[in-house]
Amino acid sequence: MSRKAPFFSTDTQNNPLNRNTNGLCIVCKGARRLCGKDRCPLMVKFYSQQKVSRLIDTTELDGSCPPAVFVGRYGYPKVDIGPLLPPEHGDTSILDKPERWVGKSIEEITDMRFRLVRGKYTIDAKDFKKAGRIVDQIQEIALTEKPIDVEASFSKKPSGRLILDDEVQPFGPSAPMEKLITTSGRFEKYLERSFYDTDMKATDAVINAYRNGTLISEIQKAFSTATMGIDKNRRFVPTRWSITAVDDIIGKDLLKTTKFYNTIDEFRVYHWEELDNRWCILMMPCTWRFELIEAWYPNTTWNPMGKDIEIISDCEFFNGRTDYAHIGGCYYASRMAINELLTEERRTAGAVILREAHPGYIMPVGVWNVRENVRAALKTKPLKFDTLNKAFDFIESVMDIKREMWTAHSGVLRDYMIQRRLDDYVT
Numbered sequence: 033m034s035r036k037a038p039f040f041s042t043d044t045q046n047n048p049l050n051r052n053t054n055g056l057c058i059v060c061k062g063a064r065r066l067c068g069k070d071r072c073p074l075m076v077k078f079y080s081q082q083k084v085s086r087l088i089d090t091t092e093l094d095g096s097c098p099p100a101v102f103v104g105r106y107g108y109p110k111v112d113i114g115p116l117l118p119p120e121h122g123d124t125s126i127l128d129k130p131e132r133w134v135g136k137s138i139e140e141i142t143d144m145r146f147r148l149v150r151g152k153y154t155i156d157a158k159d160f161k162k163a164g165r166i167v168d169q170i171q172e173i174a175l176t177e178k179p180i181d182v183e184a185s186f187s188k189k190p191s192g193r194l195i196l197d198d199e200v201q202p203f204g205p206s207a208p209m210e211k212l213i214t215t216s217g218r219f220e221k222y223l224e225r226s227f228y229d230t231d232m233k234a235t236d237a238v239i240n241a242y243r244n245g246t247l248i249s250e251i252q253k254a255f256s257t258a259t260m261g262i263d264k265n266r267r268f269v270p271t272r273w274s275i276t277a278v279d280d281i282i283g284k285d286l287l288k289t290t291k292f293y294n295t296i297d298e299f300r301v302y303h304w305e306e307l308d309n310r311w312c313i314l315m316m317p318c319t320w321r322f323e324l325i326e327a328w329y330p331n332t333t334w335n336p337m338g339k340d341i342e343i344i345s346d347c348e349f350f351n352g353r354t355d356y357a358h359i360g361g362c363y364y365a366s367r368m369a370i371n372e373l374l375t376e377e378r379r380t381a382g383a384v385i386l387r388e389a390h391p392g393y394i395m396p397v398g399v400w401n402v403r404e405n406v407r408a409a410l411k412t413k414p415l416k417f418d419t420l421n422k423a424f425d426f427i428e429s430v431m432d433i434k435r436e437m438w439t440a441h442s443g444v445l446r447d448y449m450i451q452r453r454l455d456d457y458v459t
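Next up, the structure:
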């Protein structure tokens, strides 16, 4: 099942929802809930847009950048880069800090992100130094620790639709950028160190910053803007790719240690609900294995016209995986979060994350939603059981899907219940 494109947009000719429902949106007008959602995604976007439209009705914009940047991926290596700039001054850091978004509603997240106007300037991601001062400015923004004042001039007034993608956070209107003026700010010290160390590998730079407490969202910006790595190998990396790359690098580094710890002594279930997503994280007393199973209900973003629940999963065992997970960035974000807990406890386990996405999850808000909510779930006190069946008794009490369905779509659960391998007895 493909989950690469949003199911709605303001482009009526290319809108799958319009094609499949013969004008359902026109009949509904956001009020009758004909698509089955409890809120209309288009109206959520519309209200957010109205709040900021008067402030961006200009070709000149100045404000306090959170700081935030975006690197596009279409046409790679010829890509658009630019700041994400709100038409306001002050402490705007929360607008691009997903670590602080758990507990906020879809409307609040949309409001925050739609306040960010994206400036677009085309460069060659592999030969970026020829682009001149604009590259230096974008790198400086990406490395800066706190909001800085930025002025941007556009060739036309910012416009466009809210970009919906489960790999990146949404953001608002955009416009080609002609000029950029930035004030100076203090760099995050560990990102600054790797920026000037042109002999340090990018993976080492990511791991060093993470181990020293730099936020993952900050590392991702630095990684995407060619501020890490051996000098001759530095490239601008599309934001979408950099998010997954950083989660993968950190997760693999943690796994170098966690997979060799002693196993936990019981079955655990961590339960969590947020944005009409239900989570159960099952941890089993066995050697390392991991799986993410997502169940998308009808009338959700990636199952808009379906009549049945669509389930997708990816897994790995002790030796890891060699191919890219079909689920995409969510897999690597959640695997990283699991290993943070295992590192803290100095234990290993088999982990299966069960996610039900219900119709109230009306639009994707980015990979951070998985990373930060799995993190939040793992900070709660787990329920502990002495058998897998007892653990699933609890899971079935808080989730709709039954164990037989989860197991049918799981590689790890089937293996655990049916197979017995030597490594099950190795500590």
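Residue numbers (the working numbering): 33 to 459. Virtual Cβ for every residue (Gly too), placed ideally from N, Cα, C. Predicted, not measured: the structure shown is a model, and the values here were computed from it.
Based on DSSP bridge pairs, tell me the residues matched to Ala-383. According to DSSP, which records beta bridges pairwise, Ala-383 is partnered with Met-315 and Phe-322.
In the DSSP assignment, find the beta strand (DSSP E) that holds Leu-212 and state where it starts and stops. 206 to 214 is the extent of the beta strand (DSSP E) around Leu-212.
Keeping to the same chain, check which residues put their C-beta closer than 6 Å to that of Gly-398; ignore five residues upstream and five downstream. So the qualifying residues of the chain are Val-200 and Gln-201.
Validate contact between the segment 114 to 132 and the segment 147 to 163 using beta carbons, cut 8 Å, 3 pairs: Touching, yes.
In terms of residues, what are the limits of the alpha helix (DSSP H) holding Lys-253? Element bounds for Lys-253: 248 to 256.
Report back the beta-carbon spacing between Asp-355 and Glu-323 to the nearest angstrom; my notes put them in contact at under 8 Å. With a Cβ gap of about 15 Å, Asp-355 and Glu-323 do not count as contacting.
Looking at Thr-295 and Pro-317, is the spacing between their C-beta atoms short of 8 Å? The Cβ atoms of Pro-317 and Thr-295 lie closer than 8 Å to each other.
Relative to the C-alpha of Pro-98, which candidate in Gly-122, Pro-109, Gly-360 and Ser-191 has its C-alpha closest? Answer by Cα proximity: Gly-122.
Could you tell me whether the segment 179 to 191 touches the segment 211 to 231, where touching means 3 or more Cβ pairs closer than 8 Å? In the pairwise beta carbon analysis, the segment 179 to 191 is classified as touching the segment 211 to 231: at least three pairs are separated by under 8 Å.
Would you kindly report the start and end of the unbroken alpha helix (DSSP H) that includes Gly-392? Going by DSSP, Gly-392 is part of no alpha helix (DSSP H) at all; its letter is neither H nor E.
Let me confirm a value: Phe-292 is counted as buried when at least 16 other C-beta atoms fall within 10 Å, else exposed. Which label applies? Taking all protein chains shown into account, Phe-292 has fewer than 16 neighbouring C-beta atoms within 10 Å of its C-beta and is therefore exposed.
Tell me whether Glu-298 sits in a helix, a strand or coil according to DSSP, three-state version. If DSSP states are grouped into helix, strand and coil, Glu-298 belongs with coil.
Are the Cβ atoms of Ala-254 and Phe-268 separated by less than 8 Å? Going by C-beta atoms, Ala-254 is not nearer than 8 Å to Phe-268.
Residue from Ile-239, Lys-158, Gly-382 and Ser-96 whose Cα sits closest to the Cα of Arg-446: The candidate whose alpha carbon is nearest that of Arg-446 is Gly-382.
Supposed close pair Asp-89, Lys-152 - CB separation, criterion 8 Å: Contact between Asp-89 and Lys-152 does not hold, since their C-beta atoms are separated by about 18 Å, which reaches or exceeds 8 Å.
Is it the case that the Cβ atoms of Phe-219 and Thr-176 are separated by a distance below 8 Å? Yes, Cβ-Cβ distance for Phe-219 and Thr-176 is below 8 Å.
For Ser-137, which of Gly-192, Lys-411, Asp-285 and Ile-394 has the nearest alpha-carbon? Looking at the Cα atoms, Ile-394 is the closest of the given residues.
Measuring straight from C-alpha to C-alpha, what distance separates Lys-416 and Asp-280? Distance between the alpha carbons of Lys-416 and Asp-280: 29 Å.
DSSP-derived helix/strand/coil call for Asn-421: DSSP, reduced to helix, strand and coil, places Asn-421 within a helical segment of the structure shown.
What does a CB cutoff of less than 6 Å around Asp-94 pick up in its chain, not counting 5 residues either side in sequence? The beta carbon of Asp-94 sits closer than 6 Å to those of Glu-183, all from its chain and outside the five residues before and after it, given in chain order.
Quick check on Thr-90: does DSSP put it in helix, strand or coil? Note: Thr-90 maps to coil in three-state DSSP.
Same chain only: Cβ atoms within 6 Å of Val-430, ignoring 5 sequence neighbours per side: Excluding sequence neighbours, Val-430 sits near His-303.
Sufficient close CB pairs (3 or more, under 8 Å) joining the segment 401 to 411 to the segment 432 to 440: These segments do not touch.
Bounding residues of the beta strand (DSSP E) (the contiguous stretch that carries Ile-344): First-last of the beta strand (DSSP E) with Ile-344: 342 to 348.
How many Å lie between Pro-130 and Ala-369 at the Cα? Separation of Pro-130 and Ala-369 (C-alpha to C-alpha, rounded to the nearest whole angstrom) is 14 Å.
Should the segment 383 to 392 be called in touch with the segment 324 to 332, which here means at least 3 C-beta pairs below 8 Å? At 8 Å Cβ cutoff, the stretches touch.
Could you say which of Ile-262, Ile-341 and Leu-223 lies nearest to Met-232 if we only look at CA atoms? Selected option, being the one with the closest Cα: Ile-262.
Taking only three categories from DSSP, how would you classify Asn-244? Three-state DSSP puts Asn-244 in coil, outside helix and strand.
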